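Counted from 1, the sequence shown has number 249 at position 249 by the UniProt record's numbering; the numbering is strictly sequential. Backbone N, C-alpha and C define an ideal beta-carbon position, used for all residues, glycine too. For clarity, every value in this text was computed on a predicted model and none was experimentally measured.
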Amino acid sequence: MPEVQSYQGQDYDVIVVGAGHAGSEAALAAARMGNKTLLMTINLDMVAFMPCNPSVGGPAKGIVVREIDALGGEMGRNIDKTYVQMRMLNTGKGPAVRALRAQADKHAYHAEMKHTLEQEPNLTLRQGIVDDLIVENGECKGVITNTGAHYKAKAVVICAGTAARGKIIIGELMYSSGPNNSQPAMALTKNLEKFGFELKRFKTGTPPRVDGNTITYSETEEQPGDAEVNHFSYETPDENYLSLKNQLSCWLTYTNEKTHEIIRENLDRAPMFSGVIEGVGPRYCPSIEDKIVRFADKSRHQLFLEPEGRQTDEWYVQGLSTSMPEEIQQQILHSIKGLEHAEMMRPGYAIEYDVVSPYQLRPTLETKIVKNLFTAGQTNGTSGYEEAAGQGIIAGINAGLRALGQGEFVMKRNEGYIGVMIDDLVTKGTNEPYRLLTSRAEYRLILRHDNADMRLTQKGYDLGLISQDRYEAFLAKRQAVEDEINRLNTVRVKPSDAVNAYVMSHNEKPLKDGVLAADFLRRPRVSYQDLLQFIPVPDQLLDHRIVEEVEIRIKYAGYIKKAEENVAKMKKMEAKKIPDQIDYDAIDGLATEAHQKLNKIRPETIAQATRISGVNPADIAILSVYIEQGKIAKVQS
Numbered sequence: 001m002p003e004v005q006s007y008q009g010q011d012y013d014v015i016v017v018g019a020g021h022a023g024s025e026a027a028l029a030a031a032r033m034g035n036k037t038l039l040m041t042i043n044l045d046m047v048a049f050m051p052c053n054p055s056v057g058g059p060a061k062g063i064v065v066r067e068i069d070a071l072g073g074e075m076g077r078n079i080d081k082t083y084v085q086m087r088m089l090n091t092g093k094g095p096a097v098r099a100l101r102a103q104a105d106k107h108a109y110h111a112e113m114k115h116t117l118e119q120e121p122n123l124t125l126r127q128g129i130v131d132d133l134i135v136e137n138g139e140c141k142g143v144i145t146n147t148g149a150h151y152k153a154k155a156v157v158i159c160a161g162t163a164a165r166g167k168i169i170i171g172e173l174m175y176s177s178g179p180n181n182s183q184p185a186m187a188l189t190k191n192l193e194k195f196g197f198e199l200k201r202f203k204t205g206t207p208p209r210v211d212g213n214t215i216t217y218s219e220t221e222e223q224p225g226d227a228e229v230n231h232f233s234y235e236t237p238d239e240n241y242l243s244l245k246n247q248l249s250c251w252l253t254y255t256n257e258k259t260h261e262i263i264r265e266n267l268d269r270a271p272m273f274s275g276v277i278e279g280v281g282p283r284y285c286p287s288i289e290d291k292i293v294r295f296a297d298k299s300r301h302q303l304f305l306e307p308e309g310r311q312t313d314e315w316y317v318q319g320l321s322t323s324m325p326e327e328i329q330q331q332i333l334h335s336i337k338g339l340e341h342a343e344m345m346r347p348g349y350a351i352e353y354d355v356v357s358p359y360q361l362r363p364t365l366e367t368k369i370v371k372n373l374f375t376a377g378q379t380n381g382t383s384g385y386e387e388a389a390g391q392g393i394i395a396g397i398n399a400g401l402r403a404l405g406q407g408e409f410v411m412k413r414n415e416g417y418i419g420v421m422i423d424d425l426v427t428k429g430t431n432e433p434y435r436l437l438t439s440r441a442e443y444r445l446i447l448r449h450d451n452a453d454m455r456l457t458q459k460g461y462d463l464g465l466i467s468q469d470r471y472e473a474f475l476a477k478r479q480a481v482e483d484e485i486n487r488l489n490t491v492r493v494k495p496s497d498a499v500n501a502y503v504m505s506h507n508e509k510p511l512k513d514g515v516l517a518a519d520f521l522r523r524p525r526v527s528y529q530d531l532l533q534f535i536p537v538p539d540q541l542l543d544h545r546i547v548e549e550v551e552i553r554i555k556y557a558g559y560i561k562k563a564e565e566n567v568a569k570m571k572k573m574e575a576k577k578i579p580d581q582i583d584y585d586a587i588d589g590l591a592t593e594a595h596q597k598l599n600k601i602r603p604e605t606i607a608q609a610t611r612i613s614g615v616n617p618a619d620i621a622i623l624s625v626y627i628e629q630g631k632i633a634k635v636q637s
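And the structure:
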């Protein structure tokens with residue numbers, strides 16, 4: 001077979017490898033900042049594809065989508081154009097855990113994102129497989145494709161996802177493949193090893209898909225969307241919200257003892273338990289066979305039947321992820337209420353893939369081993385479209401800044417869930433596919449769904465990712481919020497028959513003296529709309545998004561203030577930089593584990609060092625004194 005001839009392709013400022021959710025955001029960010037950008041993907045028909053569940057958002061994840069939008073990213077706008085159902089979750093709980101979730105039309109979502117990429121002036125979208133990197137003197141200078149093309153660039157972002165040496169497993173069947181039977185990328189991550197990168201094998205899975213015409217919906221529980229208006233993007237007009245009659249419902253059913261018996265009787269054929277699967281799977285999204293073994297006391301597990309789009313009758317069985325043999329999957333389906341006659345259109349499968357151990361990354365997502373090389377998405381060990389997209393925009397921004405010869409952008413833990421995720425990855429690493437949870441964020445009351453724009457839009461504007469019109473609308477909203485909070489801290493609710501009748505109807509004592517409107521609003525059962533009955537209304541009625549922000553900030557003012565005080569304390573430690581060339585082995589008094597962890601992770605600030613497992617307060621005190629004394633030696637080779 002003749003050898004592939006190499007040739008010199010075009011030069012670019014930034015090259016992004018992989019056009020999934022991470023790659024799409026990375027490429028758009030770099031291009032919108034003014035960089036000539038190349039986005040290379042194995043298959044143009046799988047741009048921003050959803051090989052797993054056709055949805056966007058959910059707890060923590062929905063806030064990430066809002067943060068991407070606040071920075072000027074695309075995921076929020078794209079799902080607002082292509083959703084088939086929208087729901088706000090956890091509405092009965094506090095604002096820190098409320099989260100928007102949308103069911104996507106997966107084919108429309110892909111097509112719309114591909115069109116957006118194609119229309120971006122500085123962006124070239126190209127089909128091809130990247131096999132290797134061009135690295136000179138420890139710096140990435142470009143990529144090499146399997147067709148022999150050499151493309152030069154000032155920065156490269158790898159977003160290879162589950163295609164990286166992907167292997168699909170269905171029972172006893174195993175074969176090399178990317179997601180959804182696409183072509184895998186077999187050479188790129190393997191070649192990273194020659195540059196000194198440590199790789200891991202992770203695993204994820206999908207459930208079977210069934211023909212919606214064969215589902216008995218009357219045997220399941222309907223899960224409709226919300227009638228109330230909501231969007232992921234701050235730019236989406238309210239009139240673009242679909243009415244309930246135009247949304248598609250999901251349907252709820254459950255596994256049962258018969259389902260569990262089928263699975264238990266066939267565990268010897270389950271790759272999860274037979275030793276066939278080597279990769280580590282996601283703890284928070286286990287396969288159905290794993291659930292049956294781990295939660296043997298449970299008599300049933302929830303399953304959601306979700307439409308994959310408007311132009312298809314294929315339905316996704318959420319909660320039934322499996323790698324059992326195909327015929328066992330059919331038996332499992334037929335044991336479930338509503339699916340007794342379901343025709344399986346595609347079997348579920350597990351997929352193993354390569355991951356770059358994320359401790360090898362800086363908070364900018366640039367690798368520590370090769371300069372000007374960035375990685376994002378499942379390549380870094382995360383799970384989920386939202387986590388991937390959140391990393392993608394940060395990697396794209398920093399690759400774009402590097403190409404422009406400018407500084408760098410780091411999102412802190414108190415600034416966004418994206419910052420929490422990246423800090424967790426680069427500081428702690430991960431031994432399993434990482435999923436964002438609200439419990440991972442210590443400042444979750446200030447990292448809410450409603451205020452992502454207040455936290456991040458100024459940053460997006462400064463980076464050149466927010467238009468002037470949008471920025472001015474943001475400034476107007478911010479001013480309106482401040483004005484109304486100030487007004488409510490000035491105007492008073494005075495005792496009256498109407499006020500006291502309202503108060504007593506909520507089992508509270510009647511007012512004897514006037515109280516500030518803000519204090520009245522802090523009462524548990526009082527809403528902003530209730531308050532307006534007893535005070536002058538604003539000169540202009542406020543948009544519901546402004547009202548939401550005002551109400552939360554007033555009701556939770558005390559808790560928010562405490563959180564902001566903790567942030568201020570942490571900022572002092574974030575400001576204490578650790579020199580790049582510090583020699584941890586030369587520091588006397590550090591515990592052995594601290595020596596090992598600090599040498600491995602090489603934190604950039606004292607604050608980051610405090611978050612490393614195994615580095616205790618005594619180690620931090622010794623390290624701080626060492627740095628303050630200026631005893632910094634070069635790293636020993």
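Take residue 545 as the anchor and find which of 537, 57, 477 has the nearest alpha-carbon. Counted from its first residue, the sequence shown places residue 545 at position 545. Nearest of 537, 57, 477 to residue 545, Cα basis: 477.
Using only the alpha-carbon positions, how far apart do residue 439 and residue 147 sit? Within the sequence shown, numbered from 1, the residue matching residue 439 stands at position 439. Within the sequence shown, numbered from 1, the residue matching residue 147 stands at position 147. Distance between the alpha carbons of residue 439 and residue 147 is about 46 Å.
Measuring CA to CA, which of 181, 204, 494 is closest to residue 536? Numbered from 1 along the sequence shown, position 536 holds the residue referred to as residue 536. The shortest C-alpha separation from residue 536 is found at 494.
Quick one: grab the DSSP three-state call for residue 290. In the sequence shown, the residue the question calls residue 290 occupies position 290. Note: residue 290 maps to helix in three-state DSSP.
Assuming residue 305 and residue 315 are in contact, meaning their beta carbons sit under 8 Å apart, how far apart are those beta carbons, in whole angstroms? If you number the sequence shown from 1, residue 305 lands on position 305. If you number the sequence shown from 1, residue 315 lands on position 315. Sure, about 5 Å apart at Cβ, within 8 Å.
Label residue 521 either buried or exposed according to how many other C-beta atoms from any shown protein chain fall within 10 Å of its C-beta, with 16 as the threshold for buried. Here residue 521 refers to the residue found at position 521 of the sequence shown. It counts as buried.
Coarse secondary structure for residue 620, derived from DSSP in three states: One-based indexing of the sequence shown puts residue 620 at position 620. Correct three-state label for residue 620: helix.
Return the first residue and the last residue of the beta strand (DSSP E) that residue 307 is part of. Against the sequence shown, residue 307 aligns to sequence position 307. 302 to 307 is the span of the beta strand (DSSP E), which, as asked, contains residue 307.
For residue 150, which beta-bridge partners are listed by DSSP? Residue numbering aside, residue 150 sits at position 150 when the sequence shown is read from its first letter. Beta-bridge pairing links residue 150 to 8, 144.
Residue 348: which of 516, 116, 207 sits nearest, CA to CA? The residue labelled residue 348 in the question sits at position 348 within the sequence shown. Nearest C-alpha to residue 348: 207.
Distance between residue 623 and residue 108 (C-alpha atoms, nearest Å): Against the sequence shown, residue 108 aligns to sequence position 108. Against the sequence shown, residue 623 aligns to sequence position 623. C-alpha separation (whole angstroms): 53 Å.
Compute the beta-carbon to beta-carbon distance between residue 345 and residue 270, rounded to the nearest angstrom, for a pair I have assumed lies under 8 Å. Counting from one through the sequence shown, the residue named residue 345 turns up at place 345. Counting from one through the sequence shown, the residue named residue 270 turns up at place 270. About 22 Å; that fails the 8 Å criterion.
Is residue 158 near residue 490, with beta carbons less than 7 Å apart? Locating residue 158 in the sequence shown gives position 158, where the first residue counts as 1. Locating residue 490 in the sequence shown gives position 490, where the first residue counts as 1. Result no, Cβ atoms of residue 158 and residue 490 do not sit closer than 7 Å.
Taking the straight line between their C-alpha atoms, what separation do you get for residue 435 and residue 427? Residue mapping note: residue 435 aligns to position 435 of the sequence shown, counting from 1. Residue mapping note: residue 427 aligns to position 427 of the sequence shown, counting from 1. Spanning the two alpha carbons is a distance of roughly 15 Å.
Would you report the Cα separation of residue 247 and residue 13, rounded to the nearest angstrom? Reading the sequence shown from its first residue, position 247 is the one you call residue 247. Reading the sequence shown from its first residue, position 13 is the one you call residue 13. Roughly 42 Å between the two C-alpha positions.
Taking the Cβ atom as the reference point for each residue, do residue 209 and residue 278 lie within a distance shorter than 7 Å? Residue 209 sits at position 209 when you count from the first residue of the sequence shown. Residue 278 sits at position 278 when you count from the first residue of the sequence shown. Going by C-beta atoms, residue 209 is not nearer than 7 Å to residue 278.
CA-to-CA distance, residue 142 to residue 149, given in whole angstroms: Numbered from its first residue, the sequence shown carries residue 149 at position 149. Numbered from its first residue, the sequence shown carries residue 142 at position 142. Taking the straight line joining both Cα atoms gives about 10 Å.
Let me know if residue 638 comes out buried or exposed under the rule of 16 or more other beta-carbons within 10 Å of its beta-carbon. Nothing can be reported for residue 638: it is not among the residues displayed for the chain, which extend from 1 to 637.
Counting only beta-carbon atoms, is residue 540 nearer than 7 Å to chain D? The structure shown contains no chain D, having only a single protein chain.
Three Cβ pairs or more, each shorter than 8 Å: is that satisfied between the stretch 183 to 191 and the stretch 55 to 67? no
Where residue 579 and residue 603 are concerned, what is the direct C-alpha to C-alpha distance, given to the nearest angstrom? Translated into the one-based positions of the sequence shown, residue 579 becomes position 579. Translated into the one-based positions of the sequence shown, residue 603 becomes position 603. Spanning the two alpha carbons is a distance of roughly 9 Å.
Where does the unbroken alpha helix (DSSP H) through residue 521 begin, and where does it stop? Stepping through the sequence shown from its first residue, residue 521 is reached at position 521. 517 to 521 is the span of the alpha helix (DSSP H), which, as asked, contains residue 521.
Our contact map puts residue 506 next to residue 525 with C-beta atoms below 8 Å; I'd like the distance itself, whole angstroms only. Along the sequence shown, one-based indexing puts residue 506 at 506. Along the sequence shown, one-based indexing puts residue 525 at 525. With 8 Å as the limit, residue 506 and residue 525 qualify as a contact, their Cβ atoms being about 5 Å apart.
What residue range does the beta strand (DSSP E) around residue 56 cover? Counting from 1 along the sequence shown, the entry for residue 56 is found at position 56. Where residue 56 is concerned, the enclosing beta strand (DSSP E) stretches over 55 to 57.
Can you give me the Cβ contacts of residue 634 inside the same chain, cut-off strictly under 8 Å, excluding the 5 residues immediately before and after it? To locate residue 634, count along the sequence shown from 1; it is residue 634. Annotation note: pLDDT 49 at residue 634 (below 50); position unreliable, no value reported.
Could you say which of 379, 337, 502 lies nearest to residue 218 if we only look at CA atoms? By 1-based counting over the sequence shown, the position of residue 218 is 218. Selected option, being the one with the closest Cα: 337.
Could you check whether residue 18 and residue 160 sit closer than 7 Å to each other, using their CB atoms as the reference points? On the sequence shown, residue 160 is found 160 positions in, with the first residue counted as 1. On the sequence shown, residue 18 is found 18 positions in, with the first residue counted as 1. Closer than 7 Å, so yes.
Indicate whether the contact test is met: 3 or more Cβ pairs, each with one atom in the stretch 382 to 398 and one in the stretch 226 to 240, closer than 8 Å. no
Three-state secondary structure (DSSP) of residue 186: Position 186 of the sequence shown holds residue 186. Correct three-state label for residue 186: coil.
Decide if residue 333 is buried, meaning its Cβ has at least 16 other Cβ atoms within 10 Å, or exposed. Looking up residue 333 in the sequence shown gives position 333. Residue 333 is buried by the Cβ-count criterion.
Suppose you measure from the CA of residue 593 to the CA of residue 627; what does that come to, to the nearest Å? Residue numbering aside, residue 593 sits at position 593 when the sequence shown is read from its first letter. Residue numbering aside, residue 627 sits at position 627 when the sequence shown is read from its first letter. Whole-angstrom Cα-Cα distance: 19 Å.
Quick check: residue 358 and residue 380, are their CB atoms within less than 7 Å of each other? Within the sequence shown, the letter at position 358 stands for residue 358. Within the sequence shown, the letter at position 380 stands for residue 380. Yes, Cβ-Cβ distance for residue 358 and residue 380 is below 7 Å.
DSSP state of residue 366 mapped onto helix, strand, coil: Within the sequence shown, residue 366 is the residue found at index 366, counting from 1. DSSP places residue 366 in strand when its eight states are reduced to three.
Put residue 426 into one of helix, strand or coil per three-state DSSP. Mapped onto the sequence shown, residue 426 falls at position 426. Judged by DSSP in its simplified three-state form, residue 426 adopts helix.
Nearest-angstrom Cα separation, counted from residue 497 out to residue 511: The residue labelled residue 511 in the question sits at position 511 within the sequence shown. The residue labelled residue 497 in the question sits at position 497 within the sequence shown. Each residue's Cα considered, the two are about 10 Å apart.
Does the Cβ of residue 509 have 16 or more other Cβ atoms within 10 Å, making it buried, or fewer, making it exposed? Here residue 509 refers to the residue found at position 509 when the sequence shown is read from its first residue. In this structure residue 509 is exposed. Its beta-carbon is surrounded by fewer than 16 other beta-carbon atoms within 10 angstroms.
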